[in-house]
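Peer 1: The structure's right below; bear with me while I get my questions together.
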Ligand code: SF4
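In the working numbering, the protein residues as written are 1 to 912.
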């Protein structure tokens with residue numbers, strides 16, 4: 001500790017504290033316009049000057065660290081005068097500056113210091129209104145460079161540039177033109193940090209500043225950023241990052257920061273509806289619930305409980321999902337319950353549970369700053385998990401090594417030491433080749449293999465057949481690069497692995513993840529900070545929905561039915577069905593064959609997001625009765641909905657989410673739910689009561705539900721709502737005095753002292769190119785849109801990325817005589833769609849990429865029926881396609897009736 005004197009009083013601070021932070025911690029107000037705690041100090045405004053006893057001249061507090069015995073004076077008349085002079089210098093650029101800039105108006109620090117101060121007439125040449133979310137008025141700029149610094153130091157985008165010098169200094173977008181034309185990724189960091197309003201959120205310009213702030217968790221991806229939701233007159237007018245958030249540390253991406261206006265969408269369904277003779281009719285909740293209960297009872301009685309299935313929601317809370325699976329098991333008497341983890345990371349959970357004993361991320365996002373190397377596999381983190389992507393990018397800029405394994409040259413590949421641009425579908429041989437190089441070159445960790453791994457002798461024998469030289473041509477990568485990647489991963493310890501759906505959505509998804517775990521085991525990259533295997537989960541609560549028991553074979557806490565049923569039956573005072581449940585893919589198969597009759601789809605647009613859309617739609621249409629619970633009339637509702645139950649968004653209710661790093665965090669109500677919408681848990685309780693099971697669903701708040709979750713989930717027993725008020729907690733957290741677990745498998749694995757190495761043979765996909773289908777298509781997401789586009793397409797994100805596109809290499813575009821933006825017919829063995837072409841120079845010839853966010857494109861008409869052999873996750877990532885000019889396509893190929901989207905997202909009003 002350092003002892004210092006401040007204005008005559010003695011204080012102690014930890015080493016490394018700057019004078020400014022010390023003053024702020026004592027509540028001492030010192031102006032500091034260029035300061036932002038997220039950024040490195042640069043002492044540009046020089047308003048934070050203080051006097052040090054014995055020093056020849058004042059120093060700036062923001063960039064001067066405390067030293068032992070320092071004697072600091074903050075408000076002497078000399079210092080006050082110097083601040084006035086510095087402020088006058090800052091104001092010289094602004095015509096009315098001096099008399100408007102007053103020291104009395106400057107608080108100690110913060111992000112909005114001068115937003116209410118007039119800067120004189122607006123200079124139109126310094127205005128930029130191009131961006132849908134951000135207004136730029138550089139006539140208010142004071143050259144604090146916070147916008148430039150946050151873009152460089154936090155986002156790593158370098159979209160703002162400092163142009164010219166002295167009085168002529170200007171801050172301009174890197175396009176040299178408008179912000180919209182620049183490389184900006186719309187994270188809003190610049191608007192958040194700007195102290196003058198030179199860069200400002202348009203939402204508050206339009207709707208006014210918030211009158212209330214509510215802390216909650218982002219409703220989009222599985223990173224789980226915490227945010228402050230600013231509201232005014234029951235409307236969200238601004239969202240800002242929570243500065244002290246564990247995960248995002250004062251930063252958000254464009255979805256979390258700006259994509260909130262779907263809550264006010266004109267086509268939001270706010271009353272329950274029943275469909276009769278194809279038409280939706282508004283009804284009361286009592287009618288909708290009674291109608292649903294009658295039909296579920298009728299079908300279960302006639303065809304048995306296993307003729308009904310329930311799909312939980314990755315957008316719902318843990319409490320919603322816990323009740324959804326309890327409803328399936330206790331009310332319906334079936335284990336037919338699943339969620340969208342089936343189509344994303346079920347392979348990760350299965351592989352990691354089989355090898356390590358826990359099917360979840362081994363480490364924490366905070367480990368990013370401790371890792372010396374990164375292995376990124378099949379994850380486009382800067383687009384799909386942008387906050388983690390930005391943290392990795394910053395770590396690499398500071399010197400950490402980076403290996404990217406992805407068929408595309410994603411953004412992070414540009415920062416990589418090695419990029420293995422493998423052929424889609426060759427994960428297993430590539431990872432085996434890396435393992436082979438590690439074995440051959442003795443890069444393995446001997447102590448780890450001796451003490452914590454089993455099957456080493458057999459594995460060595462097996463893996464030698466996968467030399468990088470043998471696998472190179474097959475995987476489409478240079479053997480030397482494979483060896484280089486293996487060396488970097490093994491030698492840059494600790495090295496942290498992140499993977500995404502590029503690993504899992506294959507016919508060998510589970511086995512691919514096992515190969516990845518092999519690499520971590522061989523090199524000892526587990527059980528310590530900055531290491532491990534970490535699936536980046538797609539939706540905000542997909543980790544939670546599966547973990548709460550929306551899995552046919554697992555109860556809450558990912559325990560099998562055999563393992564858990566005694567405890568659950570004791571807590572529930574009800575029987576847990578022992579019959580084998582169907583997962584979502586099997587439910588659709590059963591619908592198609594006639595044995596599944598009813599489905600309750602909670603917050604999940606199966607029709608748009610499942611592969612092989614024609615077959616999916618046929619399956620859904622075969623059902624007798626379908627309950628759709630959502631905010632909008634989605635494609636399931638349009639295809640086959642019988643009753644529609646409207647829900648509150650996560651901004652309109654309470655509960656918890658679980659992010660990718662096993663962290664449970666609070667979701668809090670910021671605005672009132674519109675119309676008659678209800679939280680999912682309330683609807684589930686209502687339906688359970690109507691089906692005669694009220695005693696098992698006697699809940700009056702999410703916290704009451706959570707208390708039951710804690711009773712059945714030992715690893716979450718220590719997580720209480722009260723504790724969550726002080727920040728999220730990572731399970732295992734078995735007791736209320738347990739701090740939570742940041743790193744798994746530190747001393748032993750969940751299922752024993754040793755983890756097995758797995759010998760995985762390769763099975764090739766049947767999605768191969770042919771003269772008829774000469775291109776390989778990879779499918780995925782983009783930064784600005786989210787899954788089925790249900791929420792993001794109803795915000796101004798639609799202006800930033802309005803349509804699904806087909807990304808093609810310039811060589812292929814030339815070969816087919818196409819142009820940028822030209823609409824082409826894309827055909828696979830399973831269907832066809834029409835997409836506009838986007839020329840992407842980083843694409844490899846022969847490969848293409850398309851997003852799946854809109855019903856306009858309905859991309860999943862192209863994806864096929866192939867599935868992972870263990871957990872049945874569909875093969876979204878490899879589709880052989882033919883790309884044709886629309887003019888060359890016989891009109892018969894795309895008949896309007898069958899091939900046009902059933903509706904558009906933006907015109908989704910109920911039928912009269
Ligand atoms: Fe939300 Fe994910 Fe973006 Fe964070 S990174 S703001 S959780 S979408």
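From the three backbone atoms N, C-alpha and C, an ideal C-beta is built for every residue, glycine too.
How is the beta strand (DSSP E) around residue 73 delimited, first residue to last?
Peer 2: Within the chain shown, the letter at position 73 stands for residue 73. Start and end: 71 to 73.
Peer 1: Per DSSP, which one or two residues make a beta bridge with residue 13?
Peer 2: The residue you call residue 13 lines up with position 13 of the chain shown. DSSP, once it has assigned bridges, lists 2 as partnering residue 13.
Peer 1: Using CA coordinates, which residue listed in 552, 733, 497 and 819 is at the minimum distance from residue 531?
Peer 2: The count along the chain shown starts at 1 and reaches residue 531 at position 531. Nearest C-alpha to residue 531: 497.
Peer 1: In chain order, what residues place their C-beta within less than 6 Å of a heavy atom belonging to the ligand SF4?
Peer 2: 218, 220, 221, 223, 224, 225, 248, 252, 253, 255, 256, 385, 386 and 387
Peer 1: With a threshold of 16 other CB atoms inside 10 Å of the CB of residue 432, please say whether the residue is buried or exposed.
Peer 2: Walking along the chain shown from the start, residue 432 turns up at place 432. That one is buried.
Peer 1: Let me confirm a value: residue 751 is counted as buried when at least 16 other C-beta atoms fall within 10 Å, else exposed. Which label applies?
Peer 2: Along the chain shown, read from residue 1 onward, the residue named residue 751 stands at position 751. Only exposed fits residue 751, as fewer than 16 other CB atoms lie within 10 angstroms of its CB.
Peer 1: Determine the contact status of residue 790 and residue 632, defining contact as a CB-CB distance below 7 Å.
Peer 2: Along the chain shown, one-based indexing puts residue 790 at 790. Along the chain shown, one-based indexing puts residue 632 at 632. Closer than 7 Å, so yes.
Peer 1: Can you list, in chain order, the stretches of the alpha helix (DSSP H) that have 4 or more residues and sit fully within the segment 637 to 714?
Peer 2: 680 to 690 and 702 to 712
Peer 1: Give every residue of the same chain whose Cβ lies closer than 6 Å to the Cβ of residue 467, excluding the five residues on either side of it in the sequence, and list them in chain order.
Peer 2: Locating residue 467 in the chain shown gives position 467, counting from the first residue. The residues are 436.
Peer 1: Using DSSP's beta-bridge definition, name the partner residues of residue 885.
Peer 2: The residue you call residue 885 lines up with position 885 of the chain shown. Paired residues: 824.
Peer 1: Assign residue 554 to one of three DSSP states: helix, strand, or coil.
Peer 2: In the chain shown, residue 554 corresponds to position 554, counting from 1. DSSP places residue 554 in strand when its eight states are reduced to three.
Peer 1: Excluding five sequence neighbours on each side, which residues of the same chain lie with their C-beta closer than 6 Å to the C-beta of residue 197?
Peer 2: The residue given as residue 197 occupies position 197 in the chain shown. For residue 197, where only same-chain residues beyond five positions count, the Cβ hits under 6 Å are 115 and 140.
Peer 1: Residue ranges of each beta strand (DSSP E) run of no fewer than 3 residues wholly in the segment 402 to 473, ordered along the chain?
Peer 2: Counting whole runs of 3 or more residues, the segment 402 to 473 contains the beta strand (DSSP E) stretches 418 to 420.
Peer 1: In chain order, what residues of the same chain lie with their CB nearer than 6 Å to the CB of residue 184, ignoring the 5 residues before and after it?
Peer 2: Within the chain shown, numbered from 1, the residue matching residue 184 stands at position 184. Hits under 6 Å: 159.
Peer 1: Which partner residues does residue 964 have in the DSSP bridge list?
Peer 2: Missing from the structure shown is residue 964; the chain here goes from 1 to 912 and no further.
Peer 1: Can you tell me whether residue 700 is buried or exposed, with buried defined as 16 or more other CB within 10 angstroms of its CB?
Peer 2: One-based indexing of the chain shown puts residue 700 at position 700. Sixteen is the threshold: since fewer than 16 other Cβ atoms of the shown chains lie within 10 Å of the Cβ of residue 700, the residue is exposed.
Peer 1: Measuring CA to CA, which of 792, 787 and 680 is closest to residue 323?
Peer 2: Here residue 323 corresponds to residue number 323 of the chain shown, with the count starting at 1. When each option's Cα is compared against that of residue 323, the closest is 680.
Peer 1: Skipping 5 residues on each side, what residues in its chain have a beta carbon closer than 6 Å to that of residue 357?
Peer 2: To locate residue 357, count along the chain shown from 1; it is residue 357. Hits under 6 Å: 749, 750 and 751.
Peer 1: Roughly how far, in whole angstroms, is the beta-carbon of residue 913 from the beta-carbon of residue 799, given that I think they are within contact range, below 8 Å?
Peer 2: Because the chain spans 1 through 912 in this model, residue 913 falls outside it and cannot be assessed.
Peer 1: Do you know offhand how far residue 19's Cα is from residue 28's?
Peer 2: Taking the chain shown and counting its residues from 1, the one referred to as residue 19 is at position 19. Taking the chain shown and counting its residues from 1, the one referred to as residue 28 is at position 28. Cα to Cα, the separation comes out at about 11 Å.
Peer 1: Decide yes or no for the touch test of the segment 203 to 211 against the segment 233 to 252: beta carbon pairs closer than 8 Å, at least 3 of them.
Peer 2: yes
Peer 1: May I have the straight-line CA-CA distance separating residue 770 from residue 829, to the nearest angstrom?
Peer 2: As a first step, residue 770 must be located in the chain shown, where it is residue number 770. As a first step, residue 829 must be located in the chain shown, where it is residue number 829. Cα to Cα, the separation comes out at about 11 Å.
Peer 1: Counting beta carbon pairs with one atom in the segment 443 to 452 and one in the segment 773 to 792, are three or more of them shorter than 8 Å?
Peer 2: no
Peer 1: Helix or strand or just coil, what does DSSP make of residue 815?
Peer 2: Numbered from 1 along the chain shown, position 815 holds the residue referred to as residue 815. It is helical.
Peer 1: Looking only at C-alpha atoms, which of 276, 292, 227 and 280 sits nearest to residue 260?
Peer 2: Within the chain shown, the letter at position 260 stands for residue 260. It is 227 whose Cα lies nearest to the Cα of residue 260.
Peer 1: Kindly indicate which residue of 399, 423, 350 and 290 has the alpha-carbon position closest to the one of residue 416.
Peer 2: Here residue 416 refers to the residue found at position 416 when the chain shown is read from its first residue. Nearest of 399, 423, 350 and 290 to residue 416, Cα basis: 399.
Peer 1: Hey, which unbroken runs of the beta strand (DSSP E) at 3 residues or more fall wholly within the segment 546 to 607?
Peer 2: 598 to 602
Peer 1: By the 10 Å Cβ neighbour count, where 16 or more other Cβ atoms means buried, how is residue 1 classified, buried or exposed?
Peer 2: Looking up residue 1 in the chain shown gives position 1. By the 10 Å Cβ count, residue 1 comes out exposed.
Peer 1: Taking the straight line between their C-alpha atoms, what separation do you get for residue 211 and residue 677?
Peer 2: Numbered from 1 along the chain shown, position 211 holds the residue referred to as residue 211. Numbered from 1 along the chain shown, position 677 holds the residue referred to as residue 677. If you draw a straight line from the Cα of residue 211 to the Cα of residue 677, it comes to about 24 Å.
Peer 1: Looking at residue 863 and residue 611, is the spacing between their C-beta atoms short of 7 Å?
Peer 2: On the chain shown, position 611 is the one that residue 611 refers to. On the chain shown, position 863 is the one that residue 863 refers to. The answer is yes: Cβ separation under 7 Å.
Peer 1: DSSP on residue 485, reduced to helix/strand/coil?
Peer 2: As a first step, residue 485 must be located in the chain shown, where it is residue number 485. Looking at residue 485 - three-state DSSP - the assignment turns out to be helix.
Peer 1: Can you tell me which residues form a DSSP beta bridge with residue 499?
Peer 2: As a first step, residue 499 is located in the chain shown; it is residue number 499 there, counting from the start. Residue 499 is bridged to 377 and 535.
Peer 1: Given a cut-off of 7 Å on the beta-carbon distance, is the pair residue 378 and residue 502 in contact?
Peer 2: Indexing the chain shown from 1 puts residue 378 at position 378. Indexing the chain shown from 1 puts residue 502 at position 502. Closer than 7 Å, so yes.
Peer 1: Considering only residues of the segment 761 to 812, which uninterrupted alpha helix (DSSP H) runs meet the minimum length of 4 residues and lie entirely inside it, listed in chain order?
Peer 2: For secondary structure counted as the alpha helix (DSSP H) over 4 or more consecutive residues, the segment 761 to 812 holds these complete runs in sequence order: 797 to 800.
Peer 1: Helix, strand or coil, according to DSSP, for residue 147 in the structure here?
Peer 2: As a working note, residue 147 is residue 147 in the chain shown. If DSSP states are grouped into helix, strand and coil, residue 147 belongs with the helices.
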